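**Q** One structure, pasted below without further comment.
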Amino acid sequence: MRRHHRTTPRITRLLGSLLMVAAAGAFTTGAAPTSASTVATPLDRVIPAPASVEPGGAPYRLTPGTRIRVDDSREARRVGEYLADILRPSTGYRLPVTSHGDGGIRLRLAKGPYGDEGYRLDSGRSGLTITAYKASGLFHGVQTLRQLLPAAVEKDSVQPGPWLVAGGTIEDTPRYAWRGAMLDVSRHFFGVDEVKRYIDQIALYKINKLHLHLSDDQGWRIAVDSWPRLATYGGSTEVGGGPGGHYTKADYKEIVRYAASRHLEVVPEIDMPGHTNAALASYAELNCDGVAPPLYTGTKVGFSSLCVGKEVTYDFVDDVVRELAALTPGRYLHIGGDEAHSTSHADYVKFMDRVQPIVAQYGKTVIGWHQLTGATPAKGALAQYWGLDRTSAEEKAQVAKAAQNGTGLILSPADRAYLDMKYTKDTPLGLSWAGYVEVQRSYDWDPGAYLPDAPASAVRGVEAPLWTETLSESGHLDQMAFPRLPGIAELGWSPASTHDWDDYKVRLAAQAPRWDALGTGYHRSPQVPWPTD
Ligand code: NGO
Numbered sequence: 327m328r329r330h331h332r333t334t335p336r337i338t339r340l341l342g343s344l345l346m347v348a349a350a351g352a353f354t355t356g357a358a359p360t361s362a363s364t365v366a367t368p369l370d371r372v373i374p375a376p377a378s379v380e381p382g383g384a385p386y387r388l389t390p391g392t393r394i395r396v397d398d399s400r401e402a403r404r405v406g407e408y409l410a411d412i413l414r415p416s417t418g419y420r421l422p423v424t425s426h427g428d429g430g431i432r433l434r435l436a437k438g439p440y441g442d443e444g445y446r447l448d449s450g451r452s453g454l455t456i457t458a459y460k461a462s463g464l465f466h467g468v469q470t471l472r473q474l475l476p477a478a479v480e481k482d483s484v485q486p487g488p489w490l491v492a493g494g495t496i497e498d499t500p501r502y503a504w505r506g507a508m509l510d511v512s513r514h515f516f517g518v519d520e521v522k523r524y525i526d527q528i529a530l531y532k533i534n535k536l537h538l539h540l541s542d543d544q545g546w547r548i549a550v551d552s553w554p555r556l557a558t559y560g561g562s563t564e565v566g567g568g569p570g571g572h573y574t575k576a577d578y579k580e581i582v583r584y585a586a587s588r589h590l591e592v593v594p595e596i597d598m599p600g601h602t603n604a605a606l607a608s609y610a611e612l613n614c615d616g617v618a619p620p621l622y623t624g625t626k627v628g629f630s631s632l633c634v635g636k637e638v639t640y641d642f643v644d645d646v647v648r649e650l651a652a653l654t655p656g657r658y659l660h661i662g663g664d665e666a667h668s669t670s671h672a673d674y675v676k677f678m679d680r681v682q683p684i685v686a687q688y689g690k691t692v693i694g695w696h697q698l699t700g701a702t703p704a705k706g707a708l709a710q711y712w713g714l715d716r717t718s719a720e721e722k723a724q725v726a727k728a729a730q731n732g733t734g735l736i737l738s739p740a741d742r743a744y745l746d747m748k749y750t751k752d753t754p755l756g757l758s759w760a761g762y763v764e765v766q767r768s769y770d771w772d773p774g775a776y777l778p779d780a781p782a783s784a785v786r787g788v789e790a791p792l793w794t795e796t797l798s799e800s801g802h803l804d805q806m807a808f809p810r811l812p813g814i815a816e817l818g819w820s821p822a823s824t825h826d827w828d829d830y831k832v833r834l835a836a837q838a839p840r841w842d843a844l845g846t847g848y849h850r851s852p853q854v855p856w857p858t859d
């Protein structure tokens with residue numbers, strides 16, 4: 327029987343796991359039980375909160391003889407190798423990945439009520455088993471397992487342990503299929519390794535989409551063979567006048583491959599018809615007056631537009647979309663469509679009517695920022711809502727109406743989900759046009775009931791955008807994404823019934839030692855009861 331995890335009083339659960347650890351002999355080593363590492367983390371101390379938790383029984387203990395047992399499937403084996411790569415440096419154990427033997431950590435593919443991403447985790451004295459229908463489920467189960475092990479497991483040198491996982495069962499499936507993070511690599515360019523680092527950071531919270539904002543006024547970041555100057559010239563700078571950069575096709579494929587190894591789908595965005603100064607600067611013929619503007623390194627928005635009346639514009643879009651679609655195994659292609667303030671409404675509608683079929687022609691599903699709902703969204707298109715409380719009722723109604731007519735919604739309300747907003751007026755990095763977004767504010771909303779009059783069934787999930795006008799290095803991304811990103815991830819994954827700030831902030835605080843071990847920086851918001859040492 328499924329028991330919801332909120333039905334068990336927290337204190338009982340904590341006592342239960344303490345007793346179980348004592349029973350397993352963790353306290354008989356002579357050392358006083360003061361170190362957190364001698365107490366197994368309660369099964370519900372995980373972000374995103376699992377759908378159901380049933381604590382009980384003796385804990386599982388990782389030992390030098392532990393094997394990681396995988397089903398005879400390439401995909402399951404890959405998840406096993408990924409887990410071993412995380413556990414070996416800190417435990418110092420061999421942890422062979424094998425399809426033989428018994429006990430140990432078992433990753434098992436089986437039919438069951440898990441869906442494409444769900445899993446079940448059973449932990450007890452004789453072994454720890456993660457069962458899922460698909461490898462993605464195993465991967466997400468492994469993220470849960472990481473968080474149940476002591477934070478020191480994330481370190482890259484041998485640590486003392488013990489390596490205990492509290493006994494019991496977790497059954498878990500996501501609320502939404504879309505749990506995204508967006509990185510703006512246009513305002514400031516981030517290289518392949520920096521993107522991989524971000525992928526690893528967000529995978530820990532079961533994010534499954536990486537939306538890359540690949541073009542904007544300040545930089546074009548993806549090589550396009552048929553229009554080479556886009557990258558070589560259009561990508562040659564960034565906000566503030568730095569050197570910029572771009573991904574070669576091989577770079578982009580490497581990002582896609584790495585993301586896939588973390589069960590994330592890459593969603594590329596080419597923002598059109600506005601936010602196109604880098605393209606307009608690269609090719610004079612794309613401009614209505616035939617004159618290329620200079621490159622732009624400021625932070626204004628809304629001043630550029632592709633020339634809607636020129637045929638060459640659609641040749642350009644066709645070439646870019648064809649080449650990008652060919653590089654992208656994922657289902658989606660984001661065409662932007664925000665802040666087209668230099669495009670008339672009639673032209674905007676005309677442009678979207680021409681461009682959406684091009685995306686479909688190359689086999690991809692259109693996503694646009696929610697202004698797309700002011701045109702005619704293609705069948706099956708998704709709109710990404712980035713409004714805020716003060717957005718006009720009329721604009722909200724336009725989005726809701728599109729949702730009623732079948733347009734799916736991804737929710738990224740700027741005054742909740744934008745990771746580039748300052749936390750408070752004193753935050754050094756970030757913008758504040760959508761207000762200050764402290765940790766509680768970014769967590770405390772319900773995607774299912776967010777937009778009045780939009781049917782809950784239209785909501786495909788959530789996404790946390792990270793715009794980089796003020797952010798130029800990975801350390802800056804850390805400060806803005808952490809600790810807010812895990813909250814958006816939880817809104818995307820966990821049942822609404824688990825939503826509880828007071829419970830969440832304790833789980834969030836418990837992430838800090840893990841970030842320290844991983845070398846991930848974070849903003850020490852006073853709203854969160856961080857551990858004191
Ligand atoms: C807006 C704008 C972006 C900015 C961002 C900064 C959208 C969808 N368009 O969001 O160009 O970078 O705000 O917060």
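Take 327 as the starting number for the sequence shown in this note's numbering and just add one per residue. Every residue, glycine too, gets a C-beta built ideally from N, C-alpha and C. As the structure is a prediction and not an experimental result, all values here were calculated from the model.
1. With a CB to CB cut of under 6 Å and the five nearest residues on each side skipped, what residues in its chain are close to I456?
2. Secondary structure at V763, three-state DSSP: helix, strand or coil?
3. Quick one: what's R446 bridged to in DSSP?
4. DSSP state of E407, grouped into three classes?
5. Report the three-state DSSP secondary structure of K535 (helix, strand or coil).
6. Roughly how many whole angstroms lie between the Cα atoms of A822 and Y640?
7. Short of 8 Å in beta carbon distance, which residues of its chain neighbour A607, apart from the five on each side in sequence? Order them along the chain.
8. How many angstroms separate the CA atom of A280 from the CA atom of E611?
9. Which residues share a DSSP beta bridge with I394?
10. Alpha carbon to alpha carbon, how far is A728 from R371? Give it in angstroms, no decimals.
11. Let me check you understand the geometry: is the CB of L757 closer than 6 Å to at least one non-hydrogen atom of the ligand NGO?
12. Quick check on DSSP: helix, strand or coil for R387?
13. Quick check: E789 and S738, are their CB atoms within less than 7 Å of each other?
14. Taking C-alpha atoms, which residue in Q527, E443, I684 and S552 lies nearest to T499?
15. Does the beta-carbon of K626 have 16 or more other beta-carbons within 10 angstroms, so that it is buried, or is it exposed?
16. So, does the segment 769 to 781 touch the segment 838 to 857, judging by three or more C-beta pairs under 8 Å?
17. Leaving aside the five residues before and after A503 along the sequence, list all residues of the same chain whose C-beta is less than 7 Å from its C-beta, in chain order.
18. State buried or exposed for Q687, treating a residue as buried only when at least 16 other CB atoms are found within 10 Å of its CB.
19. The ligand COA heavy atoms versus the CB of V763: any closer than 6 Å?
20. State buried or exposed for N731, treating a residue as buried only when at least 16 other CB atoms are found within 10 Å of its CB.
21. Determine contact between the segment 632 to 639 and the segment 568 to 576, defined as no fewer than three beta-carbon pairs at a distance below 8 Å.
22. Would the segment 644 to 657 count as touching the segment 544 to 557 if we require 3 or more Cβ pairs under 8 Å?
23. If R547 sits next to L536, beta carbons under 8 Å apart, how far is it from one beta carbon to the other, in whole angstroms?
24. Can you list, in chain order, the residues of its chain with a C-beta nearer than 7 Å to that of L802? Leave out the 5 residues immediately preceding and following it.
25. Does the Cβ of G700 have 16 or more other Cβ atoms within 10 Å, making it buried, or fewer, making it exposed?
26. Can you say whether V484 is buried or exposed, counting buried as having 16 or more other CB atoms within 10 angstroms of its CB?
27. Examine the ligand NGO and report whether any of its heavy atoms sits within less than 6 Å of the Cβ of W793.
28. Under the rule that 16 or more other beta-carbon atoms within 10 Å means buried, what is R742, buried or exposed?
29. What separation, rounded to the nearest whole angstrom, lies between the Cα atoms of H825 and P773?
30. Rounding to the nearest angstrom, what Cα-Cα distance links D542 and L834 in this structure?
31. By a C-beta neighbour count over all protein chains shown, 10 Å radius and 16 as the cutoff for buried, is W793 buried or exposed?
32. Starting from T639, trace the alpha helix (DSSP H) both ways and give me its first and last residue.
33. Indicate the three-state DSSP secondary structure (helix, strand or coil) for V617 in the structure shown.
34. Got a sec, what are the start and stop residues for the beta strand (DSSP E) T846 sits in?
35. Thinking C-alpha only, which one of G441, Y386, K437 and Y459 is nearest I431?
36. Near V405, which residues of its chain fall below 7 Å by C-beta distance, leaving aside the five closest residues on each side in sequence?
**A** Judging by the given coordinates:
1. Closer than 6 Å at Cβ, skipping near neighbours: L433, Y445, L447, L464 and G467.
2. In the displayed model, V763 falls within coil according to three-state DSSP, outside both helix and strand.
3. Under the DSSP definition of a beta bridge, R446 partners with T457 and E497.
4. The DSSP-derived three-state label of E407 is helix.
5. In the structure shown, K535 sits in a strand (DSSP, three-state: E or B).
6. One C-alpha to the other measures close to 44 Å.
7. Excluding sequence neighbours, A607 sits near Y559, G560, A618, P619, P620, L621 and Y622.
8. No answer is possible for residue 280: it lies beyond the span of the chain, which begins at 327 and ends at 859.
9. Its beta-bridge partners are V423 and I431.
10. In this structure, the alpha-carbon of R371 lies about 38 Å from that of A728.
11. Indeed, a heavy atom of the ligand NGO lies less than 6 Å from the Cβ.
12. R387: strand per DSSP, three-state reduction.
13. The answer is yes: Cβ separation under 7 Å.
14. For T499, the closest alpha carbon among the candidates Q527, E443, I684 and S552 is that of E443.
15. Classified as exposed, K626 has fewer than 16 neighbouring CB atoms from the shown chains inside 10 Å of its CB.
16. The segment 769 to 781, when compared against the segment 838 to 857, does not touch it at the 8 Å Cβ threshold.
17. Here the set comprises R786 and G787.
18. So Q687 counts as exposed.
19. The ligand COA is not part of the structure shown, which contains the ligand NGO as its ligands.
20. That one is exposed.
21. The segment 632 to 639 is not in contact with the segment 568 to 576.
22. Three or more beta-carbon pairs drawn from the segment 644 to 657 and the segment 544 to 557 are found closer than 8 Å, and the two stretches are therefore classed as touching.
23. At roughly 14 Å, the Cβ-Cβ gap does not stay under 8 Å, so R547 and L536 are not in contact.
24. Here residue 802 turns out to be His, not Leu, going by the sequence shown. A distance below 7 Å between beta-carbons, with the five flanking residues on each side excluded, links H802 to the following residues of its chain, in chain order: L755.
25. Looking at its Cβ environment, which holds 16 or more other Cβ atoms inside 10 Å, G700 is buried.
26. Answer is exposed; the Cβ neighbour count stays below 16.
27. The answer is yes for W793.
28. With 16 or more Cβ atoms within 10 Å of its Cβ, R742 is classed as buried.
29. One C-alpha to the other measures close to 11 Å.
30. Cα atoms of D542 and L834: separation of roughly 34 Å, rounded to the nearest angstrom.
31. That one is buried.
32. Start and end: E637 to L653.
33. Coil.
34. Run containing T846: none; DSSP gives neither H nor E here.
35. Looking at the Cα atoms, Y386 is the closest of the given residues.
36. Cβ within range, chain order: L433, A461, L464, F465 and V468.
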